[in-house]
Ligand SMILES: [Zn+2]
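In the numbering used here, the protein residues as written are 9 to 174.
Below is the structure:
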């Protein structure tokens with residue numbers, strides 16, 4: 009759009025990317041049969057931290073790496089149509105969504121000039137590990153996902169190390 013410079017930097021970067029583009033012909037099926045659900049936190053590099061390349065895995069992200077209806081919907085498609093046979097839920101250290109303070113997040117949005125968000129559930133937890141176990145169990149018991157192996161992990165944003173919890 010003329011006069012709108014909002015995305016100029018990334019469009020310029022994409023021009024350079026497209027000139028060196030090497031992913032043509034890549035199949036949409038996940039080559040390693042893997043899906044990774046993790047947080048939107050920009051300190052996390054999902055492919056790099058797992059030794060993956062483009063095409064290897066389906067990456068799903070949201071605030072807190074939570075199993076929501078949209079994650080379930082997406083994993084059904086990934087499981088039956090896109091070669092996914094195993095899924096990792098990767099929570100991380102120092103996650104705002106594990107602060108245990110849902111009210112505090114609503115207040116923070118308001119203090120940042122946002123609206124009253126109390127009708128939204130941000131899914132903040134006070135027990136990150138227990139929540140992770142519950143989300144893993146939700147996937148394991150979801151009737152539409154009969155052939156999916158699921159694990160729960162914690163990623164340390166200060167060391168880059170991943171630990172399996174369940
Ligand atoms: Zn997070």
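Every residue gets a Cβ at the ideal spot worked out from N, C-alpha and C, and that includes glycine.
Please read all numbers here as calculations on a predicted model, not as lab measurements.
I'd like the list of long-range same chain contacts for residue i, defined as Cβ closer than 6 Å, with 5 residues on each side in sequence excluded.
i: residue 105; result: 71, 72 and 132
i: residue 67; result: 44 and 54
i: residue 163; result: 98, 100 and 170
i: residue 174; result: 141, 144 and 160
Looking at the strands, I want to know which residues DSSP matches up with residue i.
i: residue 114; result: None; residue 114 has no bridge partner.
i: residue 96; result: 44 and 159
Quick one: is the Cβ of residue i within less than 7 Å of any heavy atom of ligand 1?
i: residue 72; result: yes
i: residue 96; result: no
i: residue 49; result: yes
i: residue 104; result: yes
i: residue 4; result: Beyond the ends of the chain as shown, which are 9 and 174, falls residue 4; an answer cannot be given.
Return helix, strand or coil for residue i, following the three-state DSSP convention.
i: residue 104; result: helix
Closer than 8 Å by C-beta to residue i: which residues in its own chain qualify, once you throw out the five before and the five after it? Chain order, please.
i: residue 79; result: 45, 68 and 70
i: residue 124; result: 114 and 118
Would you say residue i touches ligand 2, meaning its beta carbon is less than 7 Å from a heavy atom?
i: residue 172; result: Ligand 2 is not among the ligands present in this structure, which contains only ligand 1.
Jot down the residue ranges of each uninterrupted beta strand (DSSP E) in the region 17–80, minimum 3 residues, whole runs only, in chain order. 42–47 and 65–70
Segments of 4+ residues assigned as alpha helix (DSSP H) that fall wholly inside the region 106–169: 110–119 and 136–149
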